[in-house]
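Quick note: the sequence shown uses the numbering used here, first residue 16, plus one each step. No residue lacks a Cβ here, since even glycine has one placed at the ideal position from N, Cα and C. As the structure is a computational prediction, the values presented were derived from the model and not from experiment.
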Amino acid sequence: MRLWSLDPGQLDRAALVSGWREGLLAQAVLLGRTKGYVRHPQLERFRELDEPVTGVVTWLSGLADEADRRSYRFDRTRLVGEPDRSLRMTLTDGQLALEHEHLLTKCDQRAPEWAARLRAEPARAHPIFEVVDGPIASWERAVLP
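Dropping the structure here:
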């Protein structure tokens, strides 16, 4: 499960589509509708919120907005509740940099033209996040070469 902290506009097609699917799984986990992934570290930051499900719904809405811009069809009726457009979560610049590099590594293999574009611009955070100085998040498990 990868719930990207990057701006959905920087995600290639595969990352955007899998992020949507994995975000819906995260929503199900937080609602107690599945037995799998309940201890997944990517969910820690959402569990810290007063309303974890609203956090994931808001994050997913950001992906759906980008899908709309690309003329993809993400089914918003699968979201449980409304997004909170005023919700902000903290993201460290160290975590943002790691995810940018992680996506670049993936795109070098599956979408080289996307990787070239991504390499030419600075990492941007998903609109739900406020970026602050800091290291890679404690919940991060990705290991880059």
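Going by beta-carbon coordinates alone, are residue i and residue j separated by less than 8 angstroms?
i	j	result
T107	P137	no
A130	L111	no
H117	A157	yes
Q42	V72	yes
T105	L159	no
R93	L40	no
Apart from the five residues on each side of it in sequence, which residues of its chain come closer than 6 angstroms, Cβ to Cβ, to residue i?
i	result
H55	M16
L64	G70
F61	P67, G70, V71
Check for me: the beta strand (DSSP E) holding residue i runs from which residue to which?
i	result
F144	144 to 147
In the DSSP assignment, find the unbroken alpha helix (DSSP H) run with residue i in it and report its ends.
i	result
L133	127 to 134
T69	67 to 84
W35	28 to 45
E155	Segment: none, E155 is in no alpha helix (DSSP H) and carries neither H nor E.
R62	59 to 62
Please go through the same chain and pick out, in chain order, the residues whose beta-carbon is closer than 8 angstroms to the beta-carbon of residue i, but skip the five residues on each side of it.
i	result
R91	S76, A79
S33	R17
R162	Because the chain here runs from 16 to 160, residue 162 falls outside it and cannot be looked at.
Taking the DSSP output, what are the residues bridged to residue i?
i	result
L102	According to DSSP, which records beta bridges pairwise, L102 is partnered with nothing at all.
T120	Per DSSP, none; premise fails for T120.
For residue i, which residues from the same chain have a beta carbon less than 7 angstroms from its beta carbon, with the 5 sequence-adjacent residues on both sides left out?
i	result
E114	W19, S20, L21
C122	D27, W129, A130, L133
V68	Q42, L45, L46, V95, G96
H98	Looking at the sequence provided, one finds Pro at residue 98 rather than His. Cβ neighbours of P98 beyond the five flanking positions: V72, T73, S76.
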